[in-house]
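Here the structure is laid out as structure tokens; the discussion comes afterwards.
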Amino acid sequence: MLRYVFGRLLGAIPTLFLIVTISFFLIRIAPGGPFDLERPLEAKVMENLNKIYHLNEPLWNQYLLYLQSVARLDFGPSFYFRDFSINELFAESLPISIQLGLSALCLALIVGGILGVAAALRQNRPADYSIMAAATLGVTIPNFVVAPILTLILGVWLGWLPVGGWNGGAFVNRVLPVVTLALPQIAVVARLTRGSMIEALRSNHVRTARAYGLTSYMIVVVHALRGAILPVVSYLGPAAAALLTGSVVIETIFGIPGIGRYFVQGALNRDYTLVMGTVVVVACFVILFNLVVDLLYALLDPRVRYD
Amino acid sequence: MTSETKKTVLSIKDLKVDFETATGTINAVQGVDIHVQAGETVAIVGESGSGKSQTMMAAMGLLASNGRTRGEVIYEGRNILGLPVGKLNKIRGAKITMIFQEPMTSLDPLYTIGRQLAEPMVVHGGLSWKAAKAKALDLLKLVNIPEPERKINAYPYEMSGGQRQRVMIAMSLANDPDVLIADEPTTALDVTTQAQILDLLADLQKRLGMAVIFITHDLGIVRRIADRVYVMKTGEVVENGDTGQIFNRPAHPYTRMLLDAEPTGHKLPVPDSAPVLLEAQKVAVEFELDSGFLKPRHVLRAVDNISFSLRKGQTLGIVGESGSGKSTLGRAVLNLLPAGGRVVFHGQQITGKSRAEMRALRKDMQLIFQDPFGSLSPRMTVGQIISEGLMVHEPSLSGRQRDERACQALEEVSLDPAMRNRYPHEFSGGQRQRIAIARTMVLKPELVVLDEPTSALDRTIQKQVVELLRDLQKAHGLTYLFISHDLAVVRAISDTVMVMQRGKVVEAGTADAIFEAPKCDYTKELIGAAMLTQQQMMETA
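Protein sequence lines, in the order shown, are assigned to chains A and B.
According to numbering that gives the first Met the number 0, the first sequence holds residues 0 to 306 in order.
According to numbering that gives the first Met the number 0, the second sequence holds residues 0 to 540 in order.
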């Protein structure tokens with residue numbers, strides 16, 4: 000098992016290398032540079048800046064320099080937030096995004112799972128139809144519509160929750176962003192769980208469990224749900240990577256200092272190191288969560304073994 | 000043994016089962032009366048769709064959600080039909096238990112055998128998990144599972160079909176039941192395994208004294224184990240009585256038809272002058288098992304240097320249990336698998352030919368599969384399925400000509416050509432297998448490999464398909480490679496027979512020689528397991 004995990008992590012290195020290489024050159028192809036402002040800088044200043052940031056050297060050299068620093072886990076100085084290094088920016092914002100994403104993920108898994116199982120147990124009855132209708136709404140209504148509506152009702156009219164800000168991660172400040180971020184995921188998880196649960200409830204081994212007079216809990220949770228959760232787990236891998244690396248929309252609307260806004264700011268300002276940093280972080284999360292999914296699979300299904 | 004003196008443990012009175020479907024109500028069971036006495040074995044016999052399984056499923060409250068029941072199921076003086084689940088669960092799994100047809104899927108793949116055996120004991124017997132596990136071990140010993148201490152911690156996928164069915168039997172006995180309902184428990188198993196499971200059930204019944212209700216379509220099994228028989232047809236019991244009476248003096252024409260359904264007859268031999276169509280020399284297929292980077296190579300010889308030759312018009316029957324390599328051999332002969340050795344078809348060596356080179360020959364060598372449900376595309380009409388091959392092999396035909404050929408092929412397999420615009424799901428298993436045969440025949444092949452073509456069918460349908468295959472062979476001079484584990488079918492259709500075990504041919508010869516004077520022990524065992532039925536009838540007569 001350890002050998003497998005080690006092998007997978009080792010195998011991620013060439014993947015990361017490729018991602019770094021491709022995105023390094025792609026962002027350089029984009030027209031403009033980090034210091035092209037509306038009012039052009041003086042030639043002398045520009046020259047100095049280029050020198051400090053090694054932008055005057057040939058592209059190959061810049062690339063090799065960057066690879067060297069990434070290998071030391073140093074993502075370099077930010078071009079736009081000039082007093083900060085990328086590492087400093089991420090050290091501050093990434094934990095916030097991870098907390099936000101993880102809370103949303105747990106909420107989605109628990110609420111979506113329960114709704115999905117409830118719908119499957121009442122297949123083609125009113126409860127099923129209402130849950131699935133709600134799930135369809137959850138998927139189709141975008142975040143930037145839900146967020147202002149919730150803010151308006153719960154924040155402005157009722158005054159129960161603050162309308163924005165992180166406030167050092169106070170519980171009341173988390174409720175709205177987490178719920179908004181989780182809603183579409185709840186819908187997807189509910190749909191997936193319902194589908195695989197219906198199939199599981201019809202399977203022969205669940206019939207055996209019923210024929211042997213086992214309790215409803217044993218039939219539904221022990222025998223049906225464990226197998227039915229597998230497709231949900233494989234969906235949650237990529238979904239978790241996306242959630243934990245921040246959401247631009249949610250963070251902007253609720254004014255949360257997470258990593259999500261750096262995607263946009265980095266790209267718009269041609270902040271080369273910031274873009275590269277976010278790309279590497281997201282890639283690492285995707286690789287990590289795919290590994291976690293595979294390990295969870297092995298944990299849930301004894302037929303999958305990595306020895 | 001007089002049955003009047005015994006106590007009736009379970010009686011089903013005027014049971015009706017309806018299914019509400021989108022196309023209307025289906026009356027699956029229409030007023031059935033069945034009773035069983037303590038220590039008695041009762042068989043319910045019928046073809047698929049006769050309602051025999053649904054009767055018992057309804058009695059146990061296990062119908063699909065669209066099923067409705069009426070009538071009475073009396074156990075210990077109480078009607079258990081329609082009891083709330085909580086009360087019903089005091090009885091099912093404890094006093095009335097079931098074994099199912101599908102040993103491969105009836106156990107939960109995600110839990111160990113020991114845990115699944117323990118569950119009913121914890122729920123009904125109130126045992127602790129530890130005590131239940133200990134008792135589970137005793138049960139595994141009782142049903143003769145090899146290495147029970149190790150197998151108790153095994154997962155179902157680590158066991159064979161026969162072993163899984165033994166585990167199900169162990170589970171059914173866990174709470175000392177009064178009635179054991181066995182729903183086709185041996186249908187999915189090899190003949191020798193089948194015989195072992197039946198012996199085990201008979202032995203356990205003798206020792207533990209429960210009543211057994213045995214649902215089956217196989218009259219051989221009924222003759223072997225049942226005290227009394229109920230014959231079911233389209234949701235009704237058409238005849239019932241003692242086993243001897245049913246077999247010796249069947250009253251209802253349907254019973255007589257079932258009894259008459261053993262494939263019979265012989266194939267006429269082919270003259271020695273017939274040209275050799277297919278010759279296989281030392282065909283070998285190997286699979287690498289579980290190999291990987293830096294792992295020792297593990298090779299399974301699925302087919303081990305097998306040679307034979309087939310003259311035009313001949314049928315070679317290949318017999319063996321699952322895993323013996325018979326299907327792999329069939330595929331290797333058709334060059335569908337990379338294989339060692341040499342296969343010569345029509346004087347042309349075909350081993351080593353590329354897929355493109357094979358394509359021209361495919362028209363003359365066709366394959367029919369076991370599963371008539373999985374082998375036809377559900378999204379194409381029967382006409383499209385049949386004529387599809389013509390688009391590849393006879394591209395010059397117009398759409399109309401192809402349609403005509405499809406009609407001819409359907410007529411040849413005794414299906415109405417007017418049905419060619421329907422989809423496969425609208426047909427029964429036997430009809431689908433006829434469609435699969437028509438799809439083959441439309442290309443006018445010379446060699447047909449039939450891989451268990453009758454195994455998924457009822458006996459009466461099997462007989463018809465065997466007769467159809469013989470007629471087609473005679474009419475078109477076809478050469479068959481007939482793969483089956485069913486000895487009666489093989490005997491009725493083959494000139495020569497090869498018995499395979501673990502990739503090797505253990506015995507080969509003419510059909511009569513093999514069946515009347517088997518030399519090898521394995522062959523004797525196979526025949527013994529399959530033919531017990533007839534011996535028993537002679538004994539009872």
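All C-beta atoms, glycine included, are put in the ideal place defined by N, C-alpha and C.
Is Gly167/A helix, strand or coil when you go by DSSP?
-> helix
Residue environment, Met0/A, which counts as buried when at least 16 other CB atoms sit within 10 Å | exposed
Under a Cβ-count criterion, where at least 16 other Cβ atoms within 10 Å of its own Cβ denotes burial, should Glu538/B be classed as buried or exposed?
-> Here Glu538/B scores only 41 on pLDDT, less than 50, and its place in the model is too uncertain to base an answer on.
With a cut-off of 9 Å, does the C-beta of Ala21/B fall near any C-beta of chain A?
-> no
Within 9 Å of chain B by C-beta, residues of the stretch 195-213 of chain A in sequence order = Arg201, Ser202, Asn203, His204, Val205, Arg206, Thr207, Ala208, Arg209, Ala210, Tyr211, Gly212, Leu213
Which same chain residues, not among the five before or five after Gln535/B, have their C-beta less than 6 Å away from its C-beta?
-> Confidence in Gln535/B is poor, its pLDDT being 40 and thus under 50, which makes the residue's placement too unreliable to answer from.
Jot down the residue ranges of each uninterrupted beta strand (DSSP E) in the stretch 95-173 of chain A, minimum 3 residues, whole runs only, in chain order.
-> none
Buried or exposed: which applies to Phe89/A, given that a residue is buried once 16 or more other Cβ atoms fall within 10 Å of its Cβ?
-> buried
Where the beta strand (DSSP E) through Gln100/B begins and ends = Looking at the DSSP string, Gln100/B is not in any beta strand (DSSP E), and its letter there is neither H nor E.
Determine the closest residue to Tyr52/A out of Ala282/A, Ile286/A, Asp270/A, with distance taken between C-alpha atoms.
-> Asp270/A
Boundaries of the alpha helix (DSSP H) in which Gly31/A is found, first to last residue = No alpha helix (DSSP H) contains Gly31/A, which DSSP labels as neither H nor E.
Residues that Pro301/A contacts on chain B, provided the C-beta gap is smaller than 7 Å | Leu109, Tyr154
So which residues on chain A does Asn78/B lean against when the C-beta distance must stay under 7 Å?
-> Result: empty, since nearest Cβ-Cβ is about 18 Å, beyond 7 Å.
Along the beta strand (DSSP E) that carries Phe481/B, what are the first and last residues, could you check?
-> 478-483
What first and last residue would you give for the beta strand (DSSP E) that runs through Ala187/B?
-> From DSSP, Ala187/B is part of no beta strand (DSSP E); its letter is neither H nor E.
Are the CB atoms of Val441/B and Ile385/B nearer to each other than 9 Å?
-> yes
Pick out whichever of Leu336/B, Ser10/B, Ile482/B has its Cα sitting closest to the Cα of Glu320/B.
-> Ile482/B
Val228/B versus His216/B: straight-line alpha-carbon distance, rounded = 12 Å
To the nearest angstrom, how far is it from the Cα of Asn239/B to the Cα of Pro102/B?
-> 29 Å
Measure from the alpha carbon of Lys610/B to the alpha carbon of each residue in Gly81/B, Asn152/B, Leu446/B, then state which is nearest.
-> This structure gives no information on residue 610/B, because the portion of chain B shown stretches from 0 to 540.
Determine the burial state of Glu39/B: buried for a count of at least 16 other Cβ atoms within 10 Å of its Cβ, exposed for fewer.
-> buried
Residues of chain A with a CB under 7 Å from the CB of Leu61/B: which are they?
-> Arg206, Arg209, Ala210
Could you round the C-beta distance between Pro377/B and Pro423/B to whole angstroms and report it? I think they count as a contact, below 8 Å.
-> 6 Å
Taking C-alpha atoms, which residue in Trp59/A, Val281/A, Phe34/A, Ala223/A lies nearest to Phe78/A?
-> Phe34/A
Could you give the C-beta distance for Ile317/B and Leu62/B, rounded to a whole number, given that I count them as a contact under 8 Å?
-> 41 Å between Cβ atoms; not a contact.
Nearest-angstrom Cβ-Cβ length linking Leu63/A and Arg27/A, presumed shorter than 8 Å | That pair is no contact at about 14 Å.
Should Ile95/A be labelled buried (16 or more other beta-carbon atoms within 10 Å of its own) or exposed?
-> buried
Just reading off the beta strand (DSSP E) that Arg81/A is part of, what are its end residues?
-> That residue, Arg81/A, is in no beta strand (DSSP E); it is neither H nor E in DSSP.
Which residues, taken in chain order from the stretch 219-236 of chain A, show a beta carbon closer than 7 Å to some beta carbon of chain B?
-> His222, Arg225, Gly226
Do you know offhand how far Glu3/B's Cα is from Leu141/B's?
-> Confidence is the limiting factor: at Glu3/B the pLDDT is only 48, short of 50, which leaves the residue's position unreliable and the question unanswerable from this model.
So which residues on chain A does Leu106/B lean against when the C-beta distance must stay under 9 Å?
-> Asn203, His204, Thr207
Segment limits, alpha helix (DSSP H) that includes Lys503/B | No alpha helix (DSSP H) contains Lys503/B, which is instead part of the beta strand (DSSP E) from 503-509.
Quick one: does Val84/B have its CB under 9 Å from some CB of chain A?
-> yes
Looking at Leu199/B and Ile168/B, is the spacing between their C-beta atoms short of 9 Å?
-> yes
Of all Cβ atoms in chain A, is any one closer than 9 Å to the Cβ of Glu538/B?
-> With a pLDDT of 41 at Glu538/B, under the threshold of 50, the modelled position of this residue cannot be trusted; read the value that follows with caution. Closer than 9 Å: no.
DSSP on Glu238/B, reduced to helix/strand/coil?
-> strand
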